[in-house]
Amino acid sequence: MRTIDVRDVRQAVGELLRHSAHSLPEDYLEAMRTAGRQERSPTGQEVIELLLENAAYAEAETIPTCQDTGMAILFVEVGQDVHFSGGEIYAALQDATRDAYADLRKSVVSDPLLRVNSGDNTPALIHWEIVGGDGLRISTLQKGFGAELMSRVQMFPPAIGEEGVQQFVIDTVEKAGPNACPPLIVGVGIGGSLDTVGMAAKKALLRPIGSVSSEAHVARLEGDLLDALNGLGIGPQGLGGVVTALAVHVEVLATHIAALPIAVNLNCSAPRRATLEL
Amino acid sequence: MARTVRAPLDEAAVRSLRAGERVVMTGTIYAARDAAHKRLVAAMKRGEELPLPLSGQVIYYVGPAPAKQGAVIGPAGPTTSGRMDPYTLPLLERGVAGLIGKGSRSEEVKQALVRHGAVYFGAVGGASALLARQIRRSRLLAYPDLLSEAIRELEVEDFPLFVINDCHGGDAYLAAREAYRSGAEGSQRSR
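In order, the protein sequences belong to chains P and A.
Take 1 as the starting number for the first sequence in the UniProt record's numbering and just add one per residue.
Take 1 as the starting number for the second sequence in the UniProt record's numbering and just add one per residue.
Now the structure itself:
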């Protein structure tokens, strides 16, 4: 058994959220540099260069890359041999979010109908997973909602097959067009149930950009989808081009004989994503 | 080199702008997004005086992040314009001449731009730190309780924009997408 003080967790997660608001992951920057070389539209190339310049400037000045500093989504993997001390872990994670967002934009309303700003960007959305061992691993997404708003989930019958899956993903990106701030990272969940398919799509956004599924048929689907999306013509910021998506990450789940659920979670061209282990 | 457009916009400037064109804007514009639009349109319905001028003015759909100590404003890139579509017609009817955001507009809004002689500009979403550098002054004008969604008066200088929908029915997003769609590239390489 290992004891972890939740005050240490609060400190570490607060710093992580603060840092990733102005520092985009290296795998994204590398994917954008590659995309800049692949893009054939001069305007598209300029948009990619501008976004890279913006990332460098934000990092140097320690100001957020995007004004939408997002809603904090935390994925917590807790080893079953961990014991938390010094308070409640849930409260510590909300405190960490409050700390980090003191200087970031408050983009959360406490109730979807009453729409009053919570004033401190809480609550963070927290997903728990109990795993083996005595480690604690926390991954964060500070999700901008321009892209979240264009994301979709749909429960299909199995008869739509892989072709229907592809069509749904392509339709989603086509409808999103310029709204979701392409070049996009496209997270796709297939299978499971209404609740878990959305989670699979979101978790797919945690993967390093361009990482390939370990399952051959899924890896092939990821490649086919990326080609199809980049043939839509939408391009960087929707101003035309051959780079509409940087990557498509697909996660599959066991499902019921009666269903083929699909979720498509879009991430804009400002993926605020980070991971820490304690 | 992108030409300069002055805000507020005069009719000649509006008429001269063409979809796909790149411009830089200098002058006074007004920041307003979802919640501010809802209040503005409700106030208009009640016949109340509005906290900002509308005729010839430019509205920027933005909710800036907090400013760093000593900075004019925090990162301030465009938000998705389509969410403002349900509130846009009454504003165009009152003479608003320019809209800045990102993403597609409804057919209704596009037609209203033609009818009322107004332009929709796109700023590059996510280039927010760089865009904030082109904002020289920011003044809170109304609805401070809305935090980042409050209405602000902004002085911008050489603020980089693309004309997306012009007052002649041109649509840069649609044209660009057609040009680069798979199988449609032959026509593009010579551009």
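Heads up, the beta-carbon is just placed ideally off N, CA and C, and yes, glycines get one too.
Can you give me the Cβ contacts of residue i inside the same chain, cut-off strictly under 8 Å, excluding the 5 residues immediately before and after it?
i                      : result
P:Arg98                : Asp120, Asn121, Thr122
residue 312 of chain P : Nothing in the structure corresponds to residue 312 of chain P, since chain P is present only between 1 and 278.
P:Leu266               : Ala147, Glu148, Met150, Ser151, Thr172, Val173, Ala176, Ala180, Leu184, Ile185, Val186, Gly187
P:Ile257               : Pro158
A:Arg6                 : Ala13, Met25, Thr26, Gly27
A:Gly126               : Gly77
A:Lys38                : Tyr87
A:Leu141               : Tyr30, Pro51, Leu52, Ala150, Ile151, Arg152, Glu153
residue 283 of chain P : Absent from the model: residue 283 of chain P. The displayed extent of chain P is 1 to 278, so no value can be given.
P:Ile170               : Leu225, Ala228, Leu229, Leu232
residue 284 of chain P : Summary: the structure shown does not reach residue 284 of chain P, with chain P confined to residues 1 through 278, and so no result is reported for it.
P:Ala254               : Gly191, Gly192
Could you round the C-beta distance between residue i and residue j to whole angstroms and report it? I think they count as a contact, below 8 Å.
i        : j        : result
P:Pro271 : P:Ile234 : Contact flag wrong, Cβ pair sits at about 18 Å.
A:Thr28  : A:Glu149 : Going by Cβ atoms, the distance from A:Thr28 to A:Glu149 rounds to 20 Å, so no, they are not a contact pair.
P:Leu226 : P:Ala247 : 7 Å
A:Val109 : A:Glu21  : Actually they do not touch by this definition, with Cβ atoms about 19 Å apart.
P:Gly189 : P:Gly198 : 6 Å
P:Val6   : P:Phe84  : 5 Å
A:Arg33  : A:Thr79  : 6 Å
A:Val62  : A:Ala76  : 5 Å
P:Val78  : P:Trp128 : 7 Å
A:Phe121 : A:Leu99  : 7 Å
A:Gly74  : A:Ala132 : 6 Å
P:Val13  : P:Ala96  : 4 Å
P:Val165 : P:Val218 : With 8 Å as the limit, P:Val165 and P:Val218 do not qualify as a contact, their Cβ atoms being about 11 Å apart.
P:Phe156 : P:Ile262 : 6 Å
Along the chain, where does the beta strand (DSSP E) that runs through residue i open and close?
i        : result
A:Arg139 : 135-142
A:Lys68  : Here A:Lys68 belongs to no beta strand (DSSP E), and DSSP marks it neither H nor E.
P:Gln11  : Unbroken run through P:Gln11 is the alpha helix (DSSP H), 6-22; no beta strand (DSSP E).
A:Asp34  : Counting along the chain, A:Asp34 falls outside any beta strand (DSSP E), though it belongs to the alpha helix (DSSP H) covering 34-45.
P:Gln142 : 136-143
P:Asn54  : Unbroken run through P:Asn54 is the alpha helix (DSSP H), 42-61; no beta strand (DSSP E).
P:His127 : 125-131
For residue i, does the count of other Cβ atoms within 10 angstroms reach 16, so buried, or fall short, so exposed?
i        : result
P:Ser214 : exposed
P:Arg10  : buried
A:Thr88  : buried
P:Ala60  : exposed
P:Ser107 : buried
A:Val166 : Strictly speaking, residue 166 of chain A in this sequence is Asp, with Val absent from that position. Buried, since its Cβ has 16 or more Cβ neighbours within 10 Å.
P:Leu17  : buried
P:Ala100 : buried
P:Lys203 : buried
A:Gly82  : buried
A:Ser190 : Note that A:Ser190 scores a pLDDT of 37, beneath 50, so its modelled location is shaky and nothing firm can be said.
A:Ser187 : For A:Ser187, the predicted model reports a pLDDT of 44, less than 50, meaning its position is unreliable and no value from the coordinates is stated.
Please go through the same chain and pick out, in chain order, the residues whose beta-carbon is closer than 6 Å to the beta-carbon of residue i, but skip the five residues on each side of it.
i        : result
P:Asp111 : none
P:Ile73  : Leu125, Leu141, Lys143
P:Arg137 : Glu77, Glu277
A:Ala112 : Leu89, Leu92
P:Gly241 : Glu39, Ser41, Gly44, Gly235
A:Arg94  : Leu54
I need the boundaries of the alpha helix (DSSP H) containing residue i, first residue and last residue.
i       : result
A:Pro75 : Taken as a continuous stretch (DSSP letters only), A:Pro75 belongs to no alpha helix (DSSP H), as it is neither H nor E.
A:Val14 : 11-16
P:Ala31 : 26-38
Residues in its own chain within less than 7 Å of residue i by CB, not counting five upstream and five downstream?
i        : result
A:Ala172 : Ala19, Gly20, Phe162, Val163, Ile164
P:Tyr28  : Ile209, Pro271
A:Ser16  : none
Next item on the list: Taking only runs that begin and end inside the stretch 80-114 of chain P, name each unbroken alpha helix (DSSP H) of 4 or more residues, in chain order.
Entry: 89-100
Check: Fully enclosed by the stretch 149-235 of chain P, which beta strand (DSSP E) runs are 3 residues long or longer?
Finding: 152-156, 184-192
Next item on the list: Note down, one range per segment and in chain order, each beta strand (DSSP E) of at least 3 residues found wholly within the stretch 251-276 of chain P.
Entry: 260-267
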